[in-house]
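Take a look at the structure set out below.
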Amino acid sequence: MNKKYDKLGTDVFNKVEKISSELFTLTYGALVTQLIKDYEDIEQVNIKLEQMGYNIGIRLIEEFLAKSGIGRCQDFIETAEVIAKVGFKMFLGVTAHISDWDSDKKEFHLIIEDNPLIDFVELPDHYKHKLYYSNILCGVIRGALEMVQMKVKCTFVKCALSDESTSEIKVVLEEVLSDLIPVGYD
Amino acid sequence: MIYSLYILNKAGTLIYQNDYGPTEKLSHNSYIRLGSTFHSLHAIASNLSPVSGSSSGIELIETDTFKLQCFQTHTGIKFYIIADPNHPGLEEILHGIYELYTDYVLKNPFYEIEMQIRCDLFDYKLSRLLKLTTD
Amino acid sequence: MNRPQTNIVDRPVSKGKAEVNISSFAFLFSEMIQYCQDRIKAGHELEKKLSDMGYSIGPRLLELLCVREKNSKRETKLLGILSFIHTTVWKSLFGKTADSLEKSTEAEDEYMISDNNMVVNKFISLPKHLGSLNCAAFVAGIIEGILCSAEFPARVTAHNVTVEGKKFPKTVILIKFNPEVIERNI
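Chains A, B and C supply the protein sequences, listed in that same order. Numbering-wise, my numbering puts 101 at position 101 of the first sequence, and it's gapless, one number per residue. Numbers given in my numbering equal positions in the second sequence, counted from 1, plus 1000. Numbers given in my numbering equal positions in the third sequence, counted from 1, plus 2000.
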């Protein structure tokens, strides 16, 4: 299964129009800076970033479906693979990997080694373990999955800017919203 | 010849409609009614399946004067076009329209999701796509 | 798996070759615009807010490009800095040079950089009541930030200019230098 989605992710990324990742990274930095100015409380910044990600996710999912041609996933394990190998690759040009499945297969960790959002970024000490700089990603995943009828919760467990490690997002499937599945797709 | 394009949101509300051929103009309310009627027919059709599980609803209606082709996304949006009965490649056109929607509607900060689509660039790209495919 | 992260100043400066999907930028920029809209009182404040967000990018980008492209040399001549923006800055942000750089025929202190297909506006249709808005105010802010930190203080704004035979207007970035800059250059 892995190989199939690796290839699809690469194919789709090769096909889409691209832009220098610097414009993207610097723009994101300007947004985070602005939020820190606008909200004094760092926890509020984390929340706002997640909400903005959610707003992006509910729109971005359509492009993902339209341009990757992926249909409904068999199970949550497949969903996780698709996010890591196709979703991340298609939009950010990098793949993530999956680890730490729980025994019910409803919870996994997404490990991001090369996160383009954090190029050039170093957090001042007083923000470490407080600001989840890339929290927008959690919102994007939550918003996108909700549109395909999966209610999930995403949280950063490790952030490369605070911990001496790669970034890690925990994704927990809370509910499948089966009554919202469009007719003809169950 | 493509006659018309309709886009319905998840709830079945008409969010976009445009005529391209020499079709008779209807009132705004009539288009809304046509849209919600199609939404209901689609839902009924999906329940008519004689085998277990619902069907995919209406994908194609063929008559001697027109053909209607519908594409429903996994998120529940419906795109359908009405064309002359011999028009080829309607499925590809619908997919092209879906891609334009993801680009010129969803990436427009002034578009509010689920609402009426009023985006000049979307109209422009659509008319180019439809001209290209009818020639 | 836990690759130790070296301190950011010890890592080599990025070559600027990495790319992301243009959609990732477009979704982020769109969400930023919506955020700004929610926090302003009147329509015309939107451009100011976008410009302010861009401004914070200017000094960082100047630093990065001077180190990478010019062996840390800085422009000290007015025309030098303008052509640096038209060429080097544009290439690093948008992957191409701007379409033209002109001196205003009406005012001694004004210069114009035009772009026929402004990347940041690629997917944006303006509502009727905001017809004169140009979201490239964000780019104008970046340019203003660069000019100010390079000691060429100026006021920079973005405008829509109709082109004969074209359905959609081009973007003109208008640079108006502070009096001392012009005096210095005579």
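Every residue gets a Cβ at the ideal spot worked out from N, C-alpha and C, and that includes glycine. In this text, all values refer to a predicted model and were calculated from it rather than measured experimentally.
Neighbouring residues, chain A, relative to residue i (Cβ below 7 angstroms)
i: residue 1073 of chain B; result: 62 and 65
i: residue 1076 of chain B; result: 182
i: residue 2061 of chain C; result: 26
Residue i (DSSP reduced to helix, strand or coil)
i: residue 196 of chain A; result: Nothing can be reported for residue 196 of chain A, as the shown portion of chain A is limited to 1 through 186.
i: residue 96 of chain A; result: coil
i: residue 1066 of chain B; result: coil
i: residue 2120 of chain C; result: helix
i: residue 2174 of chain C; result: strand
i: residue 1124 of chain B; result: helix
i: residue 121 of chain A; result: coil
i: residue 2159 of chain C; result: strand
i: residue 148 of chain A; result: coil
i: residue 2187 of chain C; result: No information on residue 2187 of chain C is available, as it lies outside the stretch 2001 to 2186 that chain C covers here.
i: residue 86 of chain A; result: helix
i: residue 1105 of chain B; result: coil
i: residue 8 of chain A; result: helix
i: residue 34 of chain A; result: helix
i: residue 104 of chain A; result: coil
i: residue 2154 of chain C; result: strand
i: residue 1020 of chain B; result: coil
i: residue 1007 of chain B; result: strand
i: residue 2004 of chain C; result: Unreliable placement is indicated for residue 2004 of chain C, whose pLDDT of 45 sits below 50; no coordinate value is reported for it.
For residue j and residue i, the rounded distance between their alpha carbons
i: residue 2075 of chain C; j: residue 2061 of chain C; result: 14 angstroms
i: residue 2118 of chain C; j: residue 49 of chain A; result: 27 angstroms
i: residue 1124 of chain B; j: residue 2091 of chain C; result: 28 angstroms
i: residue 2129 of chain C; j: residue 1107 of chain B; result: 19 angstroms
i: residue 2033 of chain C; j: residue 1048 of chain B; result: 46 angstroms
i: residue 1139 of chain B; j: residue 154 of chain A; result: Coverage of chain B is limited to positions 1001 through 1135, which leaves residue 1139 of chain B absent and any answer about it impossible.
i: residue 2022 of chain C; j: residue 59 of chain A; result: 15 angstroms
i: residue 1031 of chain B; j: residue 1004 of chain B; result: 11 angstroms
i: residue 2104 of chain C; j: residue 2111 of chain C; result: 5 angstroms
i: residue 2049 of chain C; j: residue 1011 of chain B; result: 35 angstroms
i: residue 40 of chain A; j: residue 2093 of chain C; result: 30 angstroms
i: residue 2037 of chain C; j: residue 1088 of chain B; result: 44 angstroms
i: residue 2002 of chain C; j: residue 166 of chain A; result: Confidence is the limiting factor: at residue 2002 of chain C the pLDDT is only 41, short of 50, which leaves the residue's position unreliable and the question unanswerable from this model.
i: residue 2063 of chain C; j: residue 2054 of chain C; result: 15 angstroms
i: residue 186 of chain A; j: residue 1061 of chain B; result: Residue confidence for residue 186 of chain A is low, a pLDDT of 41 falling below 50, so the modelled location carries little weight; the figure read from the coordinates is stated next. Cα-Cα distance, rounded: 22 angstroms.
i: residue 114 of chain A; j: residue 77 of chain A; result: 22 angstroms
i: residue 1008 of chain B; j: residue 1079 of chain B; result: 7 angstroms
i: residue 101 of chain A; j: residue 107 of chain A; result: 6 angstroms
i: residue 1064 of chain B; j: residue 1050 of chain B; result: 27 angstroms
i: residue 1110 of chain B; j: residue 2185 of chain C; result: 43 angstroms
i: residue 2169 of chain C; j: residue 2047 of chain C; result: 17 angstroms
i: residue 157 of chain A; j: residue 168 of chain A; result: 6 angstroms
Neighbour list for residue i in chain C, Cβ cutoff strictly below 7 angstroms
i: residue 59 of chain A; result: 2027
i: residue 1005 of chain B; result: What residue 1005 of chain B touches in chain C: nothing, since even the nearest Cβ is about 17 angstroms away.
i: residue 1130 of chain B; result: None at all; the shortest Cβ gap to chain C is about 16 angstroms.
i: residue 1124 of chain B; result: 2167
Chain-ordered neighbours of residue i on chain A, where CB pairs are closer than 9 angstroms
i: residue 1099 of chain B; result: 63, 66 and 67
i: residue 1081 of chain B; result: Simply none; closest approach about 16 angstroms.
i: residue 2051 of chain C; result: Those within 9 angstroms of residue 2051 of chain C in chain A number zero; the least Cβ separation is about 11 angstroms.
i: residue 1113 of chain B; result: 55, 58 and 59
i: residue 2039 of chain C; result: 38
Under 8 angstroms by beta carbon: chain A residues contacting residue i
i: residue 2137 of chain C; result: Residues of chain A passing the Cβ test: none, with the nearest at roughly 13 angstroms.
i: residue 2057 of chain C; result: 26, 27, 29 and 30
i: residue 2021 of chain C; result: 13, 16, 17, 18, 19, 90, 91, 92 and 93
i: residue 1013 of chain B; result: Chain A residues near residue 1013 of chain B: none, gap ~14 angstroms exceeds 8 angstroms.
i: residue 1023 of chain B; result: Near residue 1023 of chain B there are no residues of chain A at all, since even the closest Cβ is about 27 angstroms away, more than 8 angstroms.
i: residue 2104 of chain C; result: Result: empty, since nearest Cβ-Cβ is about 27 angstroms, beyond 8 angstroms.
Under 8 angstroms from the C-beta of residue i: neighbouring residues of chain B
i: residue 2123 of chain C; result: 1103, 1104, 1107, 1108 and 1121
Under 9 angstroms from the C-beta of residue i: neighbouring residues of chain C
i: residue 155 of chain A; result: Per Cβ cutoff of 9 angstroms: no residues; residue 155 of chain A is ~19 angstroms from chain C at best.
Amino acids of chain B, ordered along the chain, whose beta-carbon sits closer than 9 angstroms to that of residue i
i: residue 143 of chain A; result: None at all; the shortest Cβ gap to chain B is about 11 angstroms.
Chain E within 8 angstroms of residue i, Cβ atoms only
i: residue 2118 of chain C; result: Among the chains of the structure shown, chain E does not appear; the protein chains present are A, B and C.
Requested in this report: Kindly provide the ranges of any alpha helix (DSSP H) runs that are 4 or more residues long and lie completely inside the segment 38-75 of chain A, ordered along the chain.
Outcome: The DSSP assignment places complete alpha helix (DSSP H) segments of no fewer than 4 residues inside the segment 38-75 of chain A at 42-68, in order along the chain.
Query raised in the report: If you scan the segment 2012-2043 of chain C from start to end, which runs of the beta strand (DSSP E) of 3 or more residues do you find wholly inside it?
Result: 2019-2021
Query - Three CB pairs or more closer than 8 angstroms across the segment 2174-2182 of chain C and the segment 2146-2158 of chain C - result: yes
Query raised in the report: Which full runs of the beta strand (DSSP E) of 3+ residues lie inside the segment 2071-2140 of chain C, going along the chain?
Result: Whole beta strand (DSSP E) segments, 3+ residues: 2100-2103 and 2110-2115.
Query raised in the report: Is the segment 66-79 of chain A touching the segment 30-47 of chain A, taking contact as three or more C-beta pairs under 8 angstroms?
Result: Short answer: they don't touch.
Query - Ranges of the alpha helix (DSSP H) found wholly within the segment 1042-1096 of chain B, counting only runs of at least 4 - result: Here no run is fully enclosed.
Query raised in the report: At a cut of 8 angstroms, does the segment 159-179 of chain A reach the segment 1066-1083 of chain B through at least three beta carbon pairs?
Result: No, because fewer than three Cβ pairs between the segment 159-179 of chain A and the segment 1066-1083 of chain B fall closer than 8 angstroms, the two stretches do not touch.
Query raised in the report: Quick check: the segment 1031-1041 of chain B against the segment 1011-1022 of chain B, are there 3 or more CB pairs under 8 angstroms?
Result: Between the segment 1031-1041 of chain B and the segment 1011-1022 of chain B there are three or more C-beta pairs closer than 8 angstroms, enough to call the two in contact.
Report task. Examine the Cβ distances between the segment 7-22 of chain A and the segment 71-90 of chain A and report whether three or more of them are shorter than 8 angstroms. Result -> yes
Report task. Spell out a yes or no on whether the segment 115-124 of chain A and the segment 23-34 of chain A are touching, meaning 3 or more CB-CB pairs, one atom from each, closer than 8 angstroms. Result -> yes
Query raised in the report: Which full runs of the beta strand (DSSP E) of 3+ residues lie inside the segment 134-179 of chain A, going along the chain?
Result: 150-158 and 167-176
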